[in-house]
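In short: position in the sequence shown from 1, add 2, done, that's our numbering. Glycine included, each C-beta is placed from N, C-alpha and C at the ideal position.
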Amino acid sequence: MNDPSILSGAGDQGQHIATLWWQIFALAIAVYAVVGGLVVAAILRHRRAEPSQQSASHPTRVSESSTIVLGGLVIPAVILLIVGVLTVKTTAEADATSRSGLRVDVVARRWFWDVRYPESGVVTANEIRVPVGRPLTFRLRSDDVIHSFWVPDIAGKVDTIPGQTNYLHTTVTRPGTFLGLCAEYCSVQHANMRFVVVAMPASAFDKWLTRREALTAAPSNEAEAEGQRVFARHACAGCHTIRGVSSGDVGPDLTDVGGRTWLGAVTIKNTPKNLTEWIRDSQAIKRGNIMPPFDLPQSELSALVAYLESLR
Ligand code: CUA
Numbered sequence: 003m004n005d006p007s008i009l010s011g012a013g014d015q016g017q018h019i020a021t022l023w024w025q026i027f028a029l030a031i032a033v034y035a036v037v038g039g040l041v042v043a044a045i046l047r048h049r050r051a052e053p054s055q056q057s058a059s060h061p062t063r064v065s066e067s068s069t070i071v072l073g074g075l076v077i078p079a080v081i082l083l084i085v086g087v088l089t090v091k092t093t094a095e096a097d098a099t100s101r102s103g104l105r106v107d108v109v110a111r112r113w114f115w116d117v118r119y120p121e122s123g124v125v126t127a128n129e130i131r132v133p134v135g136r137p138l139t140f141r142l143r144s145d146d147v148i149h150s151f152w153v154p155d156i157a158g159k160v161d162t163i164p165g166q167t168n169y170l171h172t173t174v175t176r177p178g179t180f181l182g183l184c185a186e187y188c189s190v191q192h193a194n195m196r197f198v199v200v201a202m203p204a205s206a207f208d209k210w211l212t213r214r215e216a217l218t219a220a221p222s223n224e225a226e227a228e229g230q231r232v233f234a235r236h237a238c239a240g241c242h243t244i245r246g247v248s249s250g251d252v253g254p255d256l257t258d259v260g261g262r263t264w265l266g267a268v269t270i271k272n273t274p275k276n277l278t279e280w281i282r283d284s285q286a287i288k289r290g291n292i293m294p295p296f297d298l299p300q301s302e303l304s305a306l307v308a309y310l311e312s313l314r
């Protein structure tokens with residue numbers, strides 16, 4: 003996973019934004035060169051001039067004031083007008099992308115992302131798999147405060163606002179794993195409210211979705227069966243959904259948690275050791291998150307982790 007960049011243009015909307023960035027950058031360079039050139043010219047002229055000539059500046063007053071009007075008002079106004087037109091044009095182009103794409107429903111929660119594919123009923127969290135080259139429609143909502151859904155490589159940011167549904171239409175143009183961020187301050191774990199968009203070739207995505215639809219939460223050995231019982235017996239089941247096992251709605255859906263790369267909304271890698279630490283005391287890893295510490299006996303904890311990691 004690379005560092006996020008608005009210039010990589012991995013989505014059609016992102017390409018429009020990258021183009022706009024370069025256009026504004028070119029304008030800024032031109033302004034810098036002209037102003038820098040004038041400063042240097044003024045210094046050189048001042049040095050060459052005799053001291054007596056420097057004070058005799060009355061005849062040039064008129065041209066000085068017209069220079070100020072031209073350089074300080076007219077030219078900046080023209081430049082801002084150009085930037086304004088380019089920005090409106092880019093916004094219109096970004097907005098004109100296909101509206102009938104594969105729908106992905108995302109609900110921002112403190113501090114993770116609930117992800118649903120309504121056409122297939124698949125639910126996951128924080129890791130959004132999408133097909134390359136197929137139009138996408140993200141339906142964005144918030145469950146609590148204002149957050150902002152932003153995958154810099156792919157598209158512009160779109161706020162998620164309680165009581166309102168916003169849409170983001172884009173097509174990812176190349177495969178890769180792209181970091182997404184919450185781009186609106188939403189209290190203590192705003193910085194750890196991240197996600198990834200995993201763009202896969204369309205056929206691989208279809209296979210993943212089919213496999214994911216058929217996923218069962220059935221344990222395949224005695225340790226996992228014990229883990230499932232531990233999950234159901236303790237508070238886990240009250241807060242988390244595992245399809246076919248529980249229907250909690252406080253924390254992220256865990257139906258495919260074993261297949262995820264990250265835990266805690268891209269806070270730590272998903273390994274049995276990290277998952278154990280997370281269950282034992284997630285507050286030490288992501289302070290302020292809603293999950294309390296669980297002081298389970300080691301045998302129960304191992305069984306629970308074995309079961310959760312088998313859900314893939
Ligand atoms: Cu959610 Cu910042």
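Quick one: grab the DSSP three-state call for H236.
coil
Cα-Cα separation between F233 and I244, rounded to whole angstroms:
10 Å
Does the pairing of the stretch 10–18 with the stretch 159–177 give three or more beta-carbon distances under 8 Å?
yes
Measuring CA to CA, which of T69, E121, V117 and L170 is closest to A96?
L170
Three-way DSSP call (helix, strand, coil) for H242 in this model
coil
Name the residue from S67, V106 and W24 whose alpha carbon lies nearest to the alpha carbon of L211.
When only C-alpha atoms are compared, the closest one is V106.
Would you say the stretch 216–225 touches the stretch 243–257, given that touching needs at least three Cβ pairs under 8 Å?
Contact annotation: the stretch 216–225 touches the stretch 243–257, with at least three C-beta pairs closer than 8 Å.
Check D107 in the structure and name its three-state DSSP category.
strand
Between the beta-carbon of P154 and the beta-carbon of G103, is there less than 8 Å?
No; because the gap between Cβ atoms is not below 8 Å, this pair is not in contact.
Which of helix, strand or coil does DSSP assign to R47?
helix
What do you get for H48, buried or exposed, if any count of 16 or more other CB atoms within 10 angstroms of its CB means buried?
Counting other Cβ atoms within 10 Å of its Cβ, H48 stays below 16 and is therefore classed as exposed.
Taking 8 Å as the cut-off, decide whether the C-beta atoms of M202 and V259 are in contact.
No.
With I148 and E186 assumed to form a contact (beta carbons below 8 Å), what rounded beta-carbon distance in angstroms separates them?
Right, their Cβ atoms sit about 5 Å apart.
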